[in-house]
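Reading through the structure tokens given below for one structure.
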Amino acid sequence: MPLYFKFAHNPEMTLPSYSVSQIKRFIYLKEIFFISITGFGGPGAHLNAIIKHLVNKRQYLSKAELLELHSFCQMLPGPTSTQMITSLGYQLGGPLLAFTALLIWILPATLLMTGFVVAWHFIGVKQIPMDFLSYIHPMAVAFIAGAAIKVFLMIQKKTLYVILYGMGTVGAIVFRSPWIFPVLLGIGAIVSHRASQGDFPAYRAKIRPNWRIFILFISILIISAVVGNITQSKPVLLFENSYQYGSIVFGGGNVLIPMMYKQYVTFKGYMGADDFLLGVGLQQAVPGPVFSIATYANGQAMADWGVMGQLLGCLLGTVGIFLPGILMIFFLFPIWDEMKKMPLVRKAIDGITAVSAGLVLAAAALLFQDLDLGMVNFLVFFITLLLVMFTKIPSPIIVAATVVFGLIYPA
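For the sequence shown, the working numbering assigns the number 1421 to the initial residue and increments by one for each residue that follows.
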């Protein structure tokens, strides 16, 4: 019997009620889905979207809390944006909401990259014109530059923190090693702690590590390496490679892509350079996490296994690249949530957030250096930056306009 009919004949019947926290969690997932289909440009651009939707619009956390969360995720290897979204989900609703948010966040990008692999297999996607990608790069750089400006406006403007901000920016530009990220953040923490004159109340942290998660993380790392070495099974080796990258890569997708190129193209010869670079170009046209390039690369690496093998490769690449970072969040975030209340850590947080903000500017600067600074590219960058900073035009409209412009006036 339809619900409305039952209700009409039973006035005492009540419709399901939902608590404020349940509604808040549902809205959080809705916002994550929106960001997942509109977030072009990597972690910096995703940060801009998180500020807009989760801080300014929904007020799930303050600007200071966002900077703390961003800094925490910057200290970890793995996909920064994915870890931020998972951490906030954990904070709002525990492991279940965190895992649900993770799936909603990664599925659009990974399904699109899987679709490209399958399309390549059946119709030869290499023959499809890529004019619509012409101005995605300058647009994405503008999104990241906008995030860098907004994050700078959030940090404390004391001389020390401005200096740490500059140190983070210059250090990441000069020393282009993935290990520079935790080093700079550590320096920021030490300097801030020594310079802090704040008197914070004592806090006894209640730290109860979930060692089962840590053991699971290490076990998968060791077992996949051992089984891959013994069997030389291609699917196992691909999963092992992806899991290792997800465990050690600092600096996001911009660091991951050259590492995967060296392994999959130069060393193993799983695919040609053109095949891999086409995937990189396609990834720029896909919203969501840059780590979805692993979905594409592992699918293409399984081309000799047929389309079902490629689908398996896409799945293994997706699980392998995202699983380590998420296990780290599930293990470390509850510890961090307690530790950040301790005076020792609170004195260091402002320095960590200042350096972390500088790393966002460094990402924008490095991508800007790689930009072909023709007149049209510069105009796309400049106009997009103005729209991001001074208007409320939704990101999808900006992206759609950029794509259409690329079709009308290809580079």
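Beta carbons are placed, not taken as given, at the ideal position from N, Cα and C, and that holds for glycine. All of these numbers come straight from a predicted model, not from anything done at the bench.
Pairing A1592 with L1580 gives a Cβ-Cβ distance that is not under 8 Å. Annotated three-state conformation of Y1690 is coil, per DSSP. With a cut-off of 8 Å on Cβ pairs, the region 1668-1688 is not in contact with the region 1506-1519, counting fewer than three such pairs. Taking C-beta separations shorter than 7 Å and ignoring five residues to either side along the sequence, the partners of D1551 in its chain run G1826, L1827 and P1830, following chain order. The beta-carbon distance between S1662 and L1747, rounded to whole angstroms, is 14 Å. This is too long to meet the 8 Å contact definition. Relative to A1562, the option among A1821, V1819, I1813 and L1805 whose CA is nearest is L1805. In this structure, E1488 is the residue among M1587, G1729 and E1488 with its C-alpha nearest to the C-alpha of K1760.
DSSP places F1670 in no alpha helix (DSSP H); its state is neither H nor E. Pairwise C-beta distances place the region 1446-1459 in contact with the region 1473-1490, as three or more of them are shorter than 8 Å. Within 10 angstroms of the beta-carbon of M1809 lie fewer than 16 other beta-carbons, which makes it exposed.
Looking at A1567, G1689, Q1664 and V1710, the one whose alpha-carbon comes closest to that of T1530 is V1710. Straight across, the Cα-Cα distance linking W1540 with V1739 is about 22 Å.
Under the 10 Å beta carbon count, F1536 is surrounded by 16 or more other beta carbons and is classified as buried. Rounded to whole angstroms, the gap between the alpha carbons of L1807 and L1799 is 12 Å.
Exposure of L1793 is indicated by the presence of fewer than 16 other C-beta atoms within 10 angstroms of its C-beta. Sequence-distant partners of K1570 (beyond 5 residues in either direction) whose C-beta falls short of 6 Å from its own C-beta, in its chain, are I1471.
Look at M1722 here: in three-state DSSP terms it is coil, with no helix or strand label.
Counting C-beta atoms within 10 angstroms of its own C-beta, Q1730 has 16 or more neighbours from the protein chains shown and is therefore classed as buried.
Taking the C-beta atoms as reference points, G1666 is found no nearer than 8 Å to L1732. Taking a 10 Å sphere around the C-beta of D1694, we find fewer than 16 other C-beta atoms and assign the residue as exposed. One thing to note: A1777 has its Cβ no nearer than 8 Å to the Cβ of H1613. Residue state for M1495 is assigned as coil, using DSSP reduced to three classes.
The beta carbon of V1819 lies closer than 6 Å to those of F1460 in the same chain, with the five residues before and after it left out. When the Cα atoms are used, G1588 and V1775 turn out to be separated by approximately 5 Å.
No residue range can be given for G1708, since it is assigned to no alpha helix (DSSP H) and is classified by DSSP as neither H nor E.
Under the DSSP assignment, D1770 falls in the alpha helix (DSSP H) whose first and last residues are P1763 to Q1789. Around V1611, the same chain offers L1580, L1584 and G1771 as residues with beta carbons nearer than 8 Å, after the five sequence neighbours per side are excluded. Counting along the chain, no alpha helix (DSSP H) covers F1552, and no H or E run does either. By the neighbour-count criterion, in which a residue is buried when 16 or more other Cβ atoms sit within 10 angstroms of its Cβ, S1441 is exposed. For M1533, the closest of Y1555, H1557, L1698 and I1455 by C-alpha to C-alpha distance is L1698. Excluding residues up to 5 positions away in sequence, H1541 lie with their Cβ nearer than 6 Å to the Cβ of V1727 in the same chain. Collapsing the DSSP output to three states places F1519 in a helix. Between G1672 and T1811, the C-beta spacing is not below 8 Å.
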